[in-house]
Amino acid sequence: MLSNTDIDIDVLGVVFLITFGLVTGISLRFGTKWGWMYYAEKYQPGARYAFTKSLKLGVLWRVLAVWFAGRVVSVILLNQADSDVSMGLLVLVSIALVVAAAIYVGLRFGWQAADKALSGAPIVVTP
2 MLSNTDIDID VLGVVFLITF GLVTGISLRF GTKWGWMYYA EKYQPGARYA FTKSLKLGVL
62 WRVLAVWFAG RVVSVILLNQ ADSDVSMGLL VLVSIALVVA AAIYVGLRFG WQAADKALSG
122 APIVVTP
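Quick note: the sequence shown, position 78, residue 79 per the numbering used here, numbers continuous.
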């Protein structure tokens, strides 16, 4: 038990996992939308964004992958903590890393999805 609270440490871990998953999902979802809209604005202005079934499945699989990788990074970082303060800071660092990775993955996925979905858009090959 934590001091002066009625929250069990196991419940706190589950709350952390759920929060971590929600933050990852929301970040990746918005990253996908931003990537799609950026591509559409650049190559086909006026195109409307639609969150299709293939986008939902793509986002779901990427959220699970980023969430799992983020949990691995979080465990590695939290094993380095010596005190409560360092553990708190390392939790914030791990969350920031996962959010940045989720936005990056979402931007790339949104860009690629828009490249496939929009007709008449030029295919850009990057080296």
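Note that the Cβ used here is the ideal one computed from N, Cα and C, for glycine as well.
- Counting every other CB atom within 10 Å of its CB across the protein chains shown gives alanine 103 a total of 16 or more, marking it as buried.
- The Cβ-Cβ distance between leucine 108 and threonine 53 does not fall below 9 Å.
- When the beta-carbon positions are compared, arginine 72 and leucine 29 stay at least 9 Å from each other.
- Going by C-alpha positions, valine 100 is about 13 Å away from arginine 63.
- Secondary structure of threonine 53 (DSSP, three-state): coil.
- Between valine 67 and valine 16 the beta-carbon gap is near 20 Å, outside 8 Å, which marks them as no contact.
- In the DSSP assignment, serine 95 falls within the alpha helix (DSSP H) that extends over 85-118.
- Taken through DSSP and simplified to helix, strand or coil, alanine 66 comes out as helix.
- In this structure, valine 94 lies away from leucine 119, with their beta-carbon atoms at least 9 Å apart.
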